[in-house]
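Input: a single structure, listed below in structure tokens.
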Amino acid sequence: MAPSGRSLLQQVAILQGWSGELELMPWMALRYEHIASIRAALRHANKSPNTINTTLAAIRGVLKASFLSGQFPALEWQRIQAIDRIAGKTFPAGRQLPSAEINRLFTAGERDPVNGIREPPS
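Here this note's numbering runs 109 ahead of the position in the sequence shown, where the first position is 1.
What follows is the structure, given as structure tokens:
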């Protein structure tokens with residue numbers, strides 16, 4: 110399950126040294142350098158591209174509301190918008206195997222006396 114936007118913002122607050130209530134964090138004090146640093150810290154922590162990009166989107170969402178209400182500088186908003194997403198794909202946990210591939214796997218298992226099909230414990 111993907112982390113919620115709130116939990117991602119909580120991680121950002123912690124990265125910024127904030128220990129108070131999430132709603133009281135001074136989000137409008139964040140600047141391009143802070144966001145770039147957060148992105149780098151998440152990469153360093155081996156977070157998935159999807160998690161990093163979702164975190165950046167959550168931050169941008171908070172700052173967009175501030176920008177639209179006239180409380181966040183337009184130039185800073187443009188600079189933050191220029192921070193690139195992390196490229197990468199998340200692969201599914203598995204895939205559906207065609208019947209022929211399943212049959213080949215069972216045949217290979219039957220041929221291997223050590224690692225093949227085992228008798229159930231009695």
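Virtual Cβ for every residue (Gly too), placed ideally from N, Cα, C.
Item	Value
Assigned secondary structure, R194 (DSSP; H/G/I helix, E/B strand, else coil)	coil
Segment limits, alpha helix (DSSP H) that includes A217	S208 to R220
Boundaries (first-last residue) of the alpha helix (DSSP H) holding L139	Unbroken run through L139: none, as it is neither H nor E.
Of the residues V171, Y141 and S175, the one placed nearest E185, counting alpha carbons only	Y141
Meets three-Cβ-pair contact criterion under 8 Å: the segment 113-126 and the segment 168-176	yes
Beta-carbon contacts of M134 that lie in its chain and below 6 Å, excluding the five residues immediately before and after	A122 and W127
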